[in-house]
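S.K.: Here the numbering used here is used: the first residue of the sequence shown is 9, the next is one more, and so on.
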Amino acid sequence: MQGLQEQPVDVNVHDDQGVSVTFREITVAVGTSTGRHCHHGQLIAVVKQGEITHYSDIFPGGKRTYRAGDSIVEGAGYTHEVRNQGTEDVVLMVTYVTPVGKPIVEEDLSQCE
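See the structure below:
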């Protein structure tokens, strides 16, 4: 599985205790979302199937849409939500690079930078 990233990216997670690398396939059903959350490390994903909308204040207009074949690179700490507003389930192939001892997904927004 390969995805396209239009700009160079820098994957860099600093932590004195090392990092954990987790890979998983995630399905986001039609009409559902991930809920608002953040990550303590970085996330790299490829959209395998479908179309997903990524909501965050970091994007111009507050959102960005990704389609099958696109890649997603998320930095640490910022809150965001991913919604499937399309007509088919979205399948994401996701790699998390996370400081050891931290969750791959942080739902307690007070812990987000």
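Ideal placement from N, C-alpha and C gives every residue a C-beta, glycine not left out.
Measure from the alpha carbon of G49 to the alpha carbon of each residue in P111, Q93, P68, E89, then state which is nearest.
M.R.: For G49, the nearest C-alpha among the options comes from P111.
S.K.: With C-beta atoms as the reference, is V102 less than 8 Å away from S41?
M.R.: Not in contact: V102 and S41 (Cβ atoms no closer than 8 Å).
S.K.: If you drop the 5 nearest sequence neighbours on each side, which residues of the same chain put their C-beta closer than 7 Å to that of T123?
M.R.: No statement about residue 123 is possible, as the shown extent of the chain runs from 9 to 121 and does not include it.
S.K.: Please confirm whether T105 and V55 have their CB atoms less than 8 Å apart.
M.R.: Per the sequence shown, the amino acid found at residue 105 is Val instead of Thr. In this structure, V55 does not lie closer than 8 Å to V105 by Cβ.
S.K.: Under a three-way DSSP split, which group does S118 fall into?
M.R.: Reduced to three states, the DSSP call for S118 is helix.
S.K.: Opposite P68 in the DSSP bridges: which residues?
M.R.: Answer is none; P68 lacks a bridge partner.
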